[in-house]
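>
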Amino acid sequence: MMNQRERRQRHSTRITFPGILFILTIAAALNLHSTQSYVNAAPYMLLMNSVPKCVTVEGPRETTFGVSYKFPDFGENDERMKPSIIVSQQTPPITSQRKNYAANTVRPYTAKHDITGTEGAMRYTTRDDCRVRICARAVTASPRAPKRMYLYVDLIDDEKEAQKEAEKKRASQDEITKQKKENSAIQRNLNSVEGQMRSMIQKADSILKTADYAKEQEMAFHDQTVALTRSSIWWPVVQLIVLLVMGFTQANHIVKFFKRHHI
Numbered sequence: 001m002m003n004q005r006e007r008r009q010r011h012s013t014r015i016t017f018p019g020i021l022f023i024l025t026i027a028a029a030l031n032l033h034s035t036q037s038y039v040n041a042a043p044y045m046l047l048m049n050s051v052p053k054c055v056t057v058e059g060p061r062e063t064t065f066g067v068s069y070k071f072p073d074f075g076e077n078d079e080r081m082k083p084s085i086i087v088s089q090q091t092p093p094i095t096s097q098r099k100n101y102a103a104n105t106v107r108p109y110t111a112k113h114d115i116t117g118t119e120g121a122m123r124y125t126t127r128d129d130c131r132v133r134i135c136a137r138a139v140t141a142s143p144r145a146p147k148r149m150y151l152y153v154d155l156i157d158d159e160k161e162a163q164k165e166a167e168k169k170r171a172s173q174d175e176i177t178k179q180k181k182e183n184s185a186i187q188r189n190l191n192s193v194e195g196q197m198r199s200m201i202q203k204a205d206s207i208l209k210t211a212d213y214a215k216e217q218e219m220a221f222h223d224q225t226v227a228l229t230r231s232s233i234w235w236p237v238v239q240l241i242v243l244l245v246m247g248f249t250q251a252n253h254i255v256k257f258f259k260r261h262h263i
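Under the UniProt record's numbering, the first residue of the sequence shown is numbered 1, with each subsequent residue one higher.
So this is what it looks like as structure tokens:
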């Protein structure tokens, strides 16, 4: 009897352990997949009512925080929603108060940023050592119509920002210099074209003057040709008349000569 029970237990153990291992492997894979999906997804919060939801960060004075936000349920035509981000300074903890910093009092300062799109960004610079409370609020949010909200707060490095600004200015200066060079080249080309146009205009004027002179010469030559034609027509007539007169005179003289001498 004991041997049969032991065999049954061993048989049952052989069947159960691989099954449990298989189930654990599947569960681990599902858990890993869900974890990866959670990590890759944006950490949204739900606004269930008009009470704002806030995050708090700490920083010394003159620290700039960058706040990126997303409101995917916000429509540009939905003016009733009116979501906004409110940033305010809070009293800092005792450990962050510095000895040489006046009386360590915080001047109240609140900034409000109205949301006009589904996503955007804003900046906030602290005036004192303080906690900064960043709150998001949607007036029309309710349990029946919750609004999704995503906030990401990052510390902006002034040095990097200065470098970026310097790079932007350098790029702008380079662009201006390049534009000036291009404008100078364009100006030179325009001046060259203008000079060529003036030369062409002068040549055209010279051609027109030469054409007018040639026209006048042609007219004078035409007049001379007409005059020569007229003279060539009337000169033979005059010669013929002169010859006729001379012939008549000589004939008359010969007749008179024969009569006088009775020849």
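No residue lacks a Cβ here, since even glycine has one placed at the ideal position from N, Cα and C.
1) Would the segment 127 to 141 and the segment 54 to 64 be scored as touching if the rule is three or more Cβ pairs under 8 Å?
2) Classify Q89: buried if its beta carbon has 16 or more other beta carbons within 10 angstroms, exposed otherwise.
3) Are V67 and R123 closer than 9 Å when you measure CB to CB?
4) Which partner residues of I134 appear in the DSSP bridge assignment?
5) What span of residues does the beta strand (DSSP E) with M48 cover, start to end?
6) With R141 as the anchor, note down where its beta strand (DSSP E) starts and where it stops.
7) Looking at the structure shown, is L243 part of a helix, part of a strand, or coil, going by DSSP?
8) Under 6 Å Cβ to Cβ from R133, same chain only, skipping five residues before and after it: list those, please.
9) For G195, does the three-state DSSP call read helix, strand or coil?
10) Would you mind working out which of T64, F65, G117 sits nearest S84, comparing C-alpha positions?
11) Return yes when the Cβ of Y69 is within less than 9 Å of the Cβ of L155, no when it is not.
12) From P215 to K209, what does the alpha carbon distance come to, in whole angstroms?
13) Can you give me the C-alpha to C-alpha distance between M200 and A211, rounded to a whole angstrom?
14) Between M45 and S142, is the Cβ-Cβ spacing less than 9 Å?
15) Ends of the beta strand (DSSP E) at E119?
16) Under the three-state reduction of DSSP, which class applies to I207: helix, strand or coil?
17) Hey, out of M197, N183, G247, E119, whose CA is closest to D73's CA?
18) What's the gap between the Cα of K203 and the Cα of M197?
19) Would you mind sorting F257 into buried or exposed? The rule is 16 or more other CB atoms within 10 Å of its CB.
20) Round the Cβ separation of L52 and A136 to the nearest angstrom and send it over; I've been treating them as touching at under 8 Å.
21) Shorter than 9 Å from the beta carbon of Y124 to some beta carbon of chain B?
22) If you follow the beta strand (DSSP E) that F65 is in, where does it begin and where does it stop?
23) Please confirm whether S50 and T110 have their CB atoms less than 9 Å apart.
24) Have a look at M246 and P236 and give me their C-alpha separation to the nearest angstrom.
25) Per the DSSP calculation, Y150 is bridged to which residue(s)?
26) Would you list the residues sitting across from K112 in a DSSP beta bridge?
Considering the structure as presented:
1) yes
2) buried
3) yes
4) V55, V87
5) It is not in any beta strand (DSSP E) - M48 carries neither H nor E in the DSSP assignment.
6) Per the sequence presented here, residue 141 reads as Ala, with Arg not at that position. Note, A141: premise wrong, no beta strand (DSSP E); not H, not E.
7) helix
8) C54, T56, S88, Q90
9) helix
10) G117
11) no
12) At residue 215 the sequence reads Lys, which differs from the Pro that was named. Rounded to the nearest angstrom, the two C-alpha atoms are 10 Å apart.
13) 16 Å
14) no
15) 119 to 125
16) helix
17) E119
18) 10 Å
19) exposed
20) It should be noted that the sequence gives Pro, not Leu, for residue 52. Between A136 and P52 the Cβ distance is about 6 Å, and since that is below 8 Å, they are a contact.
21) Absent from the structure: chain B. Only one protein chain is present.
22) 64 to 70
23) no
24) 15 Å
25) K70
26) I86
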